[in-house]
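Trainee: Below is the structure I would like to discuss, written out as structure tokens.
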Amino acid sequence: MYDVADVRAQFPILSREINGKPLVYLDNGASAQKPQVVLDAITRGYAEEYSNVHRGLHTLSSISTERYEGTRDVVRRFLNAPSQDEIVFNTGTTEGINMIAYGWAMPRMEPGDEIVLSIMEHHANIVPWHFLRERQGVKIKWVDVDAKGDLDPQAVIDAIGPKTKLVAVTHMSNVLGTVVDVKAICEGAREKGVPVLVDGSQAAVHMPVDVQEIGCDFYAITGHKLYGPSGSGAIFVKKARMAEMRPFMGGGDMIDQVTRDTVTWNAPPMKFEAGTPSIVSTIGMGVALDWMLELGLDNIAAHERRLRDRAIERFKGLNWLNLQGQSEGKGAIFSFTIEGGAHAHDISTVLDKKGIAVRAGTHCAMPLMEHLGTGATCRASFGLYNTEAEVDRLVEALELCHELFA
Ligand code: PLP
1 MYDVADVRAQ FPILSREING KPLVYLDNGA SAQKPQVVLD AITRGYAEEY SNVHRGLHTL
61 SSISTERYEG TRDVVRRFLN APSQDEIVFN TGTTEGINMI AYGWAMPRME PGDEIVLSIM
121 EHHANIVPWH FLRERQGVKI KWVDVDAKGD LDPQAVIDAI GPKTKLVAVT HMSNVLGTVV
181 DVKAICEGAR EKGVPVLVDG SQAAVHMPVD VQEIGCDFYA ITGHKLYGPS GSGAIFVKKA
241 RMAEMRPFMG GGDMIDQVTR DTVTWNAPPM KFEAGTPSIV STIGMGVALD WMLELGLDNI
301 AAHERRLRDR AIERFKGLNW LNLQGQSEGK GAIFSFTIEG GAHAHDISTV LDKKGIAVRA
361 GTHCAMPLME HLGTGATCRA SFGLYNTEAE VDRLVEALEL CHELFA
């Protein structure tokens with residue numbers, strides 16, 4: 001039995017008021033709040049156990065190294081990766097995807113080569129490929145979503161041609177909540193011999209992920225959305241791809257030997273982790289993932305399905321609410337505008353006065369917004385601590401917005 005009251009009690013920030021109203025935090029798609037276990041791990045990490053990792057022979061360095069390296073196995077379990085050596089730490093998905101763009105794609109892509117993207121990608125999974133377009137003449141092939149916001153896996157597979165070197169798709173849209181059948185895409189791409197990168201920034205927060213079952217080559221996650229600290233993240237890189245990848249950044253931990261004329265690399269995954277890493281943030285991410293595993297990823301997903309269903313039900317009564325994305329199995333992420341022309345920023349300001357935090361803007365997904373023919377929207381994105389009563393508070397506040405702006 002999922003006890004949401006007990007879960008909420010573990011997040012100190014949820015008991016604060018905003019503008020005199022109890023906080024309703026619905027901006028989880030941007031970043032999630034942190035449970036006490038993570039806050040304690042951060043404090044302990046700095047107050048009692050801090051030192052650099054991999055370098056010192058002293059006690060504190062051993063403790064930090066053990067905790068930092070221990071996180072690799074937590075991430076492995078969280079994603080069901082075959083080996084912890086296939087987990088590279090970073091500061092988040094943006095860095096993870098850039099690492100693949102520079103380290104794996106750049107050396108093997110020539111002018112005219114293609115990369116297939118869905119129109120639903122976050123800029124973090126677009127801009128690194130634009131670098132390749134600008135600098136190496138790589139062509140980006142876009143696959144659209146349908147009117148409901150669904151991405152047909154076959155359309156992605158059909159877009160793979162003889163010059164395609166990579167498919168890069170999100171597992172869950174940060175705007176529409178659409179869940180993509182990445183397993184089907186990976187199967188089709190594998191038959192054509194093309195690797196697949198999956199942006200799991202949103203999906204891994206809301207559903208169990210099994211990279212072996214999906215069959216992807218790269219799977220990126222970001223710690224701050226997973227109830228961990230900002231500045232933490234990881235990417236799963238299949239062993240065969242790792243062997244093909246050259247280092248993205250140079251310095252510190254990623255080297256074996258450096259002479260005046262030569263350099264040799266540390267063994268993977270450290271070959272891809274240059275300099276002093278986000279030590280305490282990474283340790284905190286491990287604690288957050290362990291905590292989620294303890295709660296049960298299926299339990300979290302079931303709770304969020306209830307929130308989604310409640311929101312869909314309540315939104316049906318608001319015939320002036322323009323909801324973007326009606327995909328059947330979508331996650332609890334809702335982007336909307338209100339008929340009558342109120343700007344998303346104004347709606348979000350009114351909601352904030354009621355203590356409700358949502359995001360307003362184009363959500364780092366401008367190609368999608370253009371495809372949808374919309375400008376800025378408000379986005380309410382739910383997390384594991386939200387409640388059905390909070391859905392109702394959102395609906396009440398939206399009714400007020402409608403009265404104010406209609
Ligand atoms: N991909 C998706 C789908 C996202 O929602 C986000 C963050 O909003 C990112 C990538 C980028 O993550 P980060 O900023 O943590 O690197």
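The sequence shown: position 236 = 236 (full-length UniProt numbering), numbered continuously.
Note that beta-carbon positions come from the ideal geometry of N, C-alpha and C, so glycine has one too.
Quick caveat: nothing in here was measured; it's all calculated off a predicted structure.
1) Any heavy atom of the ligand PLP within a distance shorter than 7 Å of the CB on A30?
2) Under DSSP, the beta strand (DSSP E) around I115 begins and ends at which residues?
3) Can you name the start and end residues of the beta strand (DSSP E) that residue 429 belongs to?
4) Could you tell me if K271 is buried or exposed, where buried requires 16 or more neighbouring beta carbons within 10 angstroms of its beta carbon?
5) Between N174 and the ligand PLP, is there a pair consisting of the residue's CB and a ligand heavy atom that are separated by less than 7 Å?
6) Does A32 come out as helix, strand or coil in the three-state DSSP assignment?
7) When the Cα of F240 is compared with those of D85, A168, G355, H123, which residue comes out closest?
8) Please determine whether the Cβ atom of H371 lies at a distance below 7 Å from any heavy atom of the ligand PLP.
9) So, are the CB atoms of G137 and G112 less than 8 Å apart?
10) So, with DSSP's three-state summary, where would you put G252?
11) Relative to the alpha-carbon of M245, which residue among D27, V350, F218, G228 has its alpha-carbon at the smallest distance?
12) With hydrogens ignored, establish whether the beta-carbon of G340 is closer than 7 Å to any heavy atom of the ligand PLP.
13) Going straight from the alpha carbon of A189 to that of G340, what length do you get?
14) Could you check which residue in F248, N266, T262 has the C-alpha nearest to that of D256?
15) Which residues does DSSP pair with C378 in a beta bridge?
16) List the residues that DSSP assigns as beta-bridge partners of T264.
17) Should A124 be counted as a contact of the ligand PLP given a C-beta to heavy atom distance under 7 Å?
18) For Y46, is the classification buried or exposed, using 16 other Cβ atoms within 10 angstroms of its Cβ as the cut-off for buried?
19) Ignoring anything shorter than 4 residues or poking outside the region 71 to 121, list the alpha helix (DSSP H) runs there in chain order.
20) Would you give the residue range spanned by the alpha helix (DSSP H) that N299 belongs to?
21) So V7 is in the alpha helix (DSSP H); what residue range does that whole segment cover?
22) With burial defined as no fewer than 16 other Cβ atoms inside 10 Å of the residue's Cβ, what is the status of S83: buried or exposed?
23) Out of F382, Y385, M366, which has the shortest C-alpha to C-alpha gap to H376?
24) Which full runs of the alpha helix (DSSP H) of 4+ residues lie inside the region 210 to 250, going along the chain?
25) Measuring only the C-alpha atoms, how far is S89 from L132?
26) Given 7 Å as the limit, tell me if C364 has its C-beta closer than that to any heavy atom belonging to the ligand PLP.
Mentor: Concretely, from the data shown:
1) If you number the sequence shown from 1, residue 30 lands on position 30. Checking every heavy atom of the ligand PLP against the Cβ of A30, one is found closer than 7 Å.
2) Looking up residue 115 in the sequence shown gives position 115. For I115, the enclosing beta strand (DSSP E) starts and ends at 114 to 118.
3) Nothing in the structure corresponds to residue 429, since the chain is present only between 1 and 406.
4) Taking the sequence shown and counting its residues from 1, the one referred to as residue 271 is at position 271. Here K271 is buried, its C-beta having at least 16 other C-beta atoms within 10 Å.
5) Along the sequence shown, read from residue 1 onward, the residue named residue 174 stands at position 174. Checking every heavy atom of the ligand PLP against the Cβ of N174, one is found closer than 7 Å.
6) Here residue 32 refers to the residue found at position 32 of the sequence shown. A32 falls in the coil class under three-state DSSP.
7) Looking up residue 240 in the sequence shown gives position 240. Contrary to the premise, residue 240 reads as Ala rather than Phe in this sequence. Distance check between A240 and each of D85, A168, G355, H123 places D85 closest, using alpha-carbon atoms only.
8) Residue numbering aside, residue 371 sits at position 371 when the sequence shown is read from its first letter. No - the ligand PLP has no heavy atom lying nearer than 7 Å to the Cβ of H371.
9) Residue numbering aside, residue 137 sits at position 137 when the sequence shown is read from its first letter. Residue numbering aside, residue 112 sits at position 112 when the sequence shown is read from its first letter. Taking C-beta atoms as the reference points, G137 and G112 count as a pair closer than 8 Å.
10) If you number the sequence shown from 1, residue 252 lands on position 252. Residue state, collapsed to three classes: helix.
11) Position 245 of the sequence shown, counted from the first residue, corresponds to residue 245. That would be F218, whose Cα lies nearest to the Cα of M245.
12) Translated into the one-based positions of the sequence shown, residue 340 becomes position 340. The beta carbon of G340 sits no closer than 7 Å to any heavy atom of the ligand PLP.
13) As a first step, residue 189 must be located in the sequence shown, where it is residue number 189. As a first step, residue 340 must be located in the sequence shown, where it is residue number 340. A189 and G340: Cα-Cα distance of roughly 44 Å.
14) By 1-based counting over the sequence shown, the position of residue 256 is 256. Considering only alpha carbons, the answer is N266.
15) Position 378 of the sequence shown, counted from the first residue, corresponds to residue 378. Beta-bridge analysis with DSSP links C378 to F336, A360.
16) To locate residue 264, count along the sequence shown from 1; it is residue 264. According to DSSP, T264 bridges with Q257.
17) One-based indexing of the sequence shown puts residue 124 at position 124. Proximity of the beta carbon of A124 to the ligand PLP is indicated: a heavy atom of the ligand is located closer than 7 Å.
18) In the sequence shown, counting from the first residue as 1, residue 46 sits at position 46. Y46 comes out exposed.
19) Correct list: 93 to 100.
20) For this step, residue 299 is matched to residue 299 along the sequence shown. Counted as a single uninterrupted DSSP element, the alpha helix (DSSP H) harbouring N299 occupies residues 297 to 316.
21) Your numbering for residue 7 matches position 7 in the sequence shown. Per DSSP, V7 belongs to the alpha helix (DSSP H) from 4 to 9.
22) Stepping through the sequence shown from its first residue, residue 83 is reached at position 83. The C-beta of S83 has fewer than 16 other C-beta atoms within 10 Å across all chains shown, which makes the residue exposed.
23) Here residue 376 refers to the residue found at position 376 of the sequence shown. Checking the sequence, you will find Ala at residue 376 rather than His. Relative to the Cα of A376, the nearest Cα in the group F382, Y385, M366 belongs to M366.
24) Restricting attention to alpha helix (DSSP H) runs no shorter than 4 residues, the region 210 to 250 encloses them at 211 to 214, 239 to 244, ordered along the chain.
25) Position 89 of the sequence shown, counting from 1, holds the residue named residue 89. Position 132 of the sequence shown, counting from 1, holds the residue named residue 132. According to the sequence displayed, residue 89 carries Phe and not Ser. Annotation: F89 to L132 spans about 23 Å, alpha carbon to alpha carbon.
26) Here residue 364 refers to the residue found at position 364 of the sequence shown. Yes; taking the cut-off as 7 Å, the Cβ of C364 has a heavy atom of the ligand PLP nearer than that.
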